[in-house]
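Structure, as structure tokens:
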Amino acid sequence: MASPMQRFEIQGATEEPSNWSDWSMVEAALLDSHDWAASMITIKDSVPLNDDGSARPLIFRKRFFLPSNRTIKMARLYATSHGVYFARLNNKSVGDECMAPGWQSYNKRLHYQVHDVGGLLLPGVENVLLLDVGPGWFASALSWVCRRFVYGTELGILAQLEVQFDGTDEPFIVCTDSSWTATTSAILSSEIYNGEVYDQQRAMEIGRAHDELSQVTWSETRVSNIAVAPLTSPNGPPVRVTERLRPKSFLKSASGKIIIDFGQNIAGRLCIRRLLKPAGHKVTFRHAEVVENDELGTGPLRTAEAKDTVICAGTVLTDWHPNFTFHGFRFVEVSGWSEQDAETPLTKDSVVAEVMHSDMRRTGWFSCSNDEVNQLHKNTVWSMRGNFLSVPTECPSRDERLGWTGDLNLFAPTATFLYDTGGILGDWLQDLYADQMDNHKNWKQGMVPLYVPNCLTGLGPEDEGWHHMQNGVWGDAAVMVPFQLYMMTNDINILSRQYDSMKQYLEKVVRRGEDGLWDPYQWQFGDWLDPSAPPNNSGRGRTDGTFVADCFLIESTERMAFISEELQKSDDFSDFGAAHSQLLMAFQAKYVTPAGLLAPDTPTAHALAIAFDLLPSDERSHFVASEQATAARLSRALRFDDFCISTGFVGTAFLLPSLTKSYQDALAYQMLLSRSTPSLLYPVRMGATTTWERWDSLKPDGRINEASMTSFNHHALGSVTSWLHESVGGIKPDRPGWRNVLIEPCVNRMLSYAEIIYESVYGRIECRWKLDGNTFSMDVTVPPNARACIVLPEVRDKQAQGLEVDGCWVGSGRYHFKSEYTRADHPVEAILPPWGRSSF
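Just so we're aligned, residue 1 is where the sequence shown starts under UniProt numbering, counting upward by one.
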């Protein structure tokens, strides 16, 4: 517990240095393994199991005395666990973190937390430190195969309390060892997917409600047999309760049960404010995201029970919530508690929904003149909050909740704009590399897992396909996510840390054909969940999966050349640059026909080719294809589809950007605001408060889509929000770190104004534009030490005509622009059959 004193001065490029600051204390945690005196301990006998095979949560206890004649200078509790834990000191909660230590690849890295507990210690009397440990991600059933004990069969706790007294450098230390005692918790069972069972009577017996801690038998402990991975401090923020929502309304189900509607789909937990029921009475809470046929819609949960149960003790229970789990929900069905109860009737004041996620700092905001578009953006924000809980997952509700690499790859531009994700994604990338280099016998070393942490390593032969599934887009996350973080932060260390991971993927793992592109016989996820794909094979959409993977391979190779140059690796820069050129030629030979048409002829294919600059640009080429021709083909496809959305996870991320890149702004707006079914705004019009997994997760008649993957909180399709930031709002970095900013809003009369704010590493960037008749006005803020290239609509119009005109560069400051706007912005017409939109 080192605490040196430091002060600083600020030196500009030319100015005199500032005055020295006041002295301040900078505290260092336990930086070396030798600083730890504690051991990971568990209950002496084997961890007790419930009838369903789940591990029974445990409580670990240590009693100790502090001298009464000493003044506490500081006190720190360092703790981590095999499982998830929370700490109490002298019957008071320690910290506000939830689900600590979070989810890592526990056999390779294990985070620990540091808590200031000086105000909770009692000199001169007995102190009692309690640490509750539940299965969490360490031992709960994980994934659709519901595999328990992925990381080990023993729950354990590792803790070290260091107390520093005035007048001495020697700390008073209490650490976990075999002198501690343990017992089973008042939480009878708890798992991530299935929920928690809490016995209020048991809690009273072990002293949760009062100090009589000797009423139950405490067992001996021992050092755990499970090896402890290297202990690391987390880079990302902790999971916390960040908001509390009161019930919006109470519904009565068709079967007569009460369903609480909180009005917002969240990831989190229910908190009971006050409940009094007879001893032994059970109150059950079932969670779900939707209601179907006036009943709780639990089908999308698959095998996840998402159920919490309280066994009452005949005394008042206040401010109770589950501790070792979370749910994805908007609706909660209540059994055993009603509005007519005499003692504590169920009212809107009886419960709250607690929103949980990694407590990231918000950095990006957007709004415009269309309320439905604003709700679309709001839904994306809520889906990110619901899916960035320790790790970036795909959904917070069903029996999955995994860190899918492909989902994050596509969502990363949106995520890194909305929130400061450098910490949580930096941690996640370290786990990606650790799992990528796993030497398990069923694992090809260097292959990027489909999900991180990789919790399915070591499954039986029937599931081995998951170990050997090399996949484009999902694997490309190893390159593209660090690249995106670098673009947003200019932190070169991100690239340095992940460089070997990137090279391993591109040089040793990608299964290639003779032309250097992907082996066409390797199955690919492709444009996952393309609406046209069959329910039982969501990768068989309109766009060939190998084509999609090839597009990403070429883009990753080009980005790797850029990264190599940034890191001054000249040989790699040359090699990856040459590889990119060769792959591009192979792509054009394979996918561009002599007639100049791109095969496959789908919106996703055209969007990717335009977005990644994959088309021939040399007029002397024997190919007659061009970006303009492909853009026209894309326009034709969308018009023939009556502006219905026909893209999956991949295509959606690039559809609107490719339209604005090819100066088809009106068509991009038409796709955004389309009232066809399905469309980008269809979920909003169906009452969605988060982004859905499928465009039609809920059918127009209110039925849930029957497919097995139908999450209502799935951030992947929220990737379209990045287009709102960059094209409608009009700001994006021109170089890593936002020192150079491109401000180029794509203006159209379908919106009368838009505003965007981003808190960059240099400071706040703002752009607000407005259309008033034929007058365009825009206010821009450029932060200190940055500059911006301003492209007004009239300049963009000239660029669309092929004229070589540039925007104007400005330095830091506030600017107001005003110009004439005479474009009519006629809507693009759909190409319909003679009988129109009606059925023939």
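Every residue gets a Cβ at the ideal spot worked out from N, C-alpha and C, and that includes glycine.
CB Leu583 to CB Thr557, shorter than 8 Å?
Mapped onto the sequence shown, residue 583 falls at position 583. Mapped onto the sequence shown, residue 557 falls at position 557. Yes.
Just the Cα atoms here: how many angstroms apart are Ala209 and Leu418?
Residue numbering aside, residue 209 sits at position 209 when the sequence shown is read from its first letter. Residue numbering aside, residue 418 sits at position 418 when the sequence shown is read from its first letter. Reliability fails at Ala209, whose pLDDT of 38 lies under 50, so the model's placement of it is uncertain and no value is given.
Is it right to say Glu514 is buried, meaning 16 or more other beta carbons lie within 10 angstroms of its own, or is it exposed?
Taking the sequence shown and counting its residues from 1, the one referred to as residue 514 is at position 514. Answer is exposed; the Cβ neighbour count stays below 16.
Let me know if Gln200 comes out buried or exposed under the rule of 16 or more other beta-carbons within 10 Å of its beta-carbon.
Taking the first residue of the sequence shown as position 1, residue 200 is located at position 200. It counts as buried.
Bridge-paired residues (DSSP) for His111
Along the sequence shown, read from residue 1 onward, the residue named residue 111 stands at position 111. His111 pairs with Thr232.
Cutting at 8 Å between CB atoms, please list the residues of its own chain near Thr347, excluding the five before and the five after it.
In the sequence shown, counting from the first residue as 1, residue 347 sits at position 347. Same-chain partners within the cutoff: Glu339.
Determine the burial state of Lys818: buried for a count of at least 16 other Cβ atoms within 10 Å of its Cβ, exposed for fewer.
Stepping through the sequence shown from its first residue, residue 818 is reached at position 818. Its Cβ having fewer than 16 others within 10 Å, Lys818 is exposed.
Kindly give me the distance between the Cβ atoms of Ala79 and Gln113, rounded to whole angstroms, as I take these residues to be in contact under 8 Å.
Stepping through the sequence shown from its first residue, residue 79 is reached at position 79. Stepping through the sequence shown from its first residue, residue 113 is reached at position 113. Right, their Cβ atoms sit about 6 Å apart.
I believe Asn748 touches Tyr663 by the beta-carbon criterion, under 8 Å. Please report the beta-carbon distance rounded to the nearest angstrom.
On the sequence shown, position 748 is the one that residue 748 refers to. On the sequence shown, position 663 is the one that residue 663 refers to. Contact doesn't hold; Cβ gap of about 12 Å is too wide.
Would you kindly report the start and end of the unbroken beta strand (DSSP E) that includes Gly95?
Position 95 of the sequence shown, counting from 1, holds the residue named residue 95. Looking at the DSSP string, Gly95 is not in any beta strand (DSSP E), and its letter there is neither H nor E.
Quick check on DSSP: helix, strand or coil for Phe623?
The residue given as residue 623 occupies position 623 in the sequence shown. Confidence at Phe623 is low in this model, with a pLDDT of 42, below 50, so the placement of that residue is unreliable and no value is reported for it.
Using a threshold of 8 Å, state whether the C-beta atoms of Ser383 and Gly687 are closer than that.
If you number the sequence shown from 1, residue 383 lands on position 383. If you number the sequence shown from 1, residue 687 lands on position 687. Not a contact, by the Cβ cut-off of 8 Å.
Using 8 Å as the limit for Cβ to Cβ distance, is Leu667 near chain C?
Absent from the structure is chain C; it holds one protein chain and no more.
Backbone CA spacing between Pro793 and Ser777 [nearest angstrom]:
If you number the sequence shown from 1, residue 793 lands on position 793. If you number the sequence shown from 1, residue 777 lands on position 777. About 10 Å.
Does DSSP classify Ala55 as helix, strand or coil?
Start at 1 with the first residue of the sequence shown, and residue 55 comes out as number 55. In the structure shown, Ala55 sits in a strand (DSSP, three-state: E or B).
In terms of DSSP beta bridges, what is Arg330 paired with?
Here residue 330 refers to the residue found at position 330 of the sequence shown. None; Arg330 has no bridge partner.
Counting beta carbon pairs with one atom in the segment 733–741 and one in the segment 486–497, are three or more of them shorter than 8 Å?
yes
Look at the Cβ atom of Asn107, then the Cβ atom of Ala229, and state whether they are nearer than 8 Å.
On the sequence shown, residue 107 is found 107 positions in, with the first residue counted as 1. On the sequence shown, residue 229 is found 229 positions in, with the first residue counted as 1. Yes, they are a contact pair.
Tell me whether Asn387 sits in a helix, a strand or coil according to DSSP, three-state version.
Position 387 of the sequence shown holds residue 387. Helix.
Would you check if the distance between the CB atom of Asp132 and the CB atom of Asn323 is smaller than 8 Å?
Indexing the sequence shown from 1 puts residue 132 at position 132. Indexing the sequence shown from 1 puts residue 323 at position 323. Yes.
Work out the CA separation of Cys746 and Ala666 for me, nearest whole Å.
By 1-based counting over the sequence shown, the position of residue 666 is 666. By 1-based counting over the sequence shown, the position of residue 746 is 746. Each residue's alpha carbon lies about 9 Å from the other.
Tell me, which residues are paired with Thr602 by DSSP?
For the purposes of this step, residue 602 is taken as residue 602 along the sequence shown, with counting starting at 1. Answer is none; Thr602 lacks a bridge partner.
Any idea which residues DSSP pairs Tyr815 with across the strands?
In the sequence shown, the residue the question calls residue 815 occupies position 815. Answer is Val780.
Sort Pro48, Leu122, Phe573, Lys770 by Cα distance to Leu188 and report the nearest one.
As a first step, residue 188 must be located in the sequence shown, where it is residue number 188. It is Pro48.
With a 10 Å radius around its C-beta and 16 neighbouring C-beta atoms as the bar for buried, classify Gln445 as buried or exposed.
Along the sequence shown, one-based indexing puts residue 445 at 445. Gln445 comes out exposed.
In whole angstroms, what is the alpha-carbon distance linking Gly195 and Ser397?
Numbered from 1 along the sequence shown, position 195 holds the residue referred to as residue 195. Numbered from 1 along the sequence shown, position 397 holds the residue referred to as residue 397. Approximately 11 Å between the Cα atoms of the pair.
Under 8 Å between the Cβ atoms of residue 841 and Glu191?
Here the chain covers residues 1 to 840 and nothing more, so residue 841 does not appear.
Closest by C-alpha distance to Arg361, when choosing among Gly423, Glu372, Val310, Leu301
By one-based count along the sequence shown, residue 361 stands at place 361. Out of Gly423, Glu372, Val310, Leu301, Gly423 has the C-alpha closest to the C-alpha of Arg361.
For Ala824, count neighbouring C-beta atoms within 10 Å of its own C-beta (all shown protein chains included) and say buried if the count is 16 or more, exposed if not.
Here residue 824 corresponds to residue number 824 of the sequence shown, with the count starting at 1. The residue in question, Ala824, is exposed, as its Cβ has fewer than 16 Cβ neighbours within 10 Å.
Do Arg302 and Ser708 come within 8 Å of each other at the CB atom, strictly closer than that value?
Counting from one through the sequence shown, the residue named residue 708 turns up at place 708. Counting from one through the sequence shown, the residue named residue 302 turns up at place 302. Their beta carbons are under 8 Å apart, which means Ser708 touches Arg302 by this criterion.
Pairwise C-alpha distance: Val509 and Gln436:
Position 436 of the sequence shown, counting from 1, holds the residue named residue 436. Position 509 of the sequence shown, counting from 1, holds the residue named residue 509. A direct Cα-Cα distance of roughly 10 Å separates Gln436 from Val509.
With H, G and I counted as helix, E and B as strand and the rest as coil, what does DSSP make of Gly263?
Here residue 263 refers to the residue found at position 263 when the sequence shown is read from its first residue. Strand, per DSSP.
Minimum length 4: unbroken alpha helix (DSSP H) runs contained in the segment 465–506:
477–489, 492–503
Going by DSSP in three states, Glu154 sits in which element: helix, strand or coil?
For the purposes of this step, residue 154 is taken as the residue at position 154 of the sequence shown. Coil, per DSSP.
To the nearest angstrom, how far is it from the Cα of Asp642 to the Cα of Val290?
Translated into positions along the sequence shown, residue 642 becomes position 642. Translated into positions along the sequence shown, residue 290 becomes position 290. Answer to the nearest angstrom: the Cα atoms are 29 Å apart.
Provide the residue span of the beta strand (DSSP E) that contains Trp320, from first to last.
As a position in the sequence shown, residue 320 is number 320, starting the count at 1. Its beta strand (DSSP E) spans residues 317–320.
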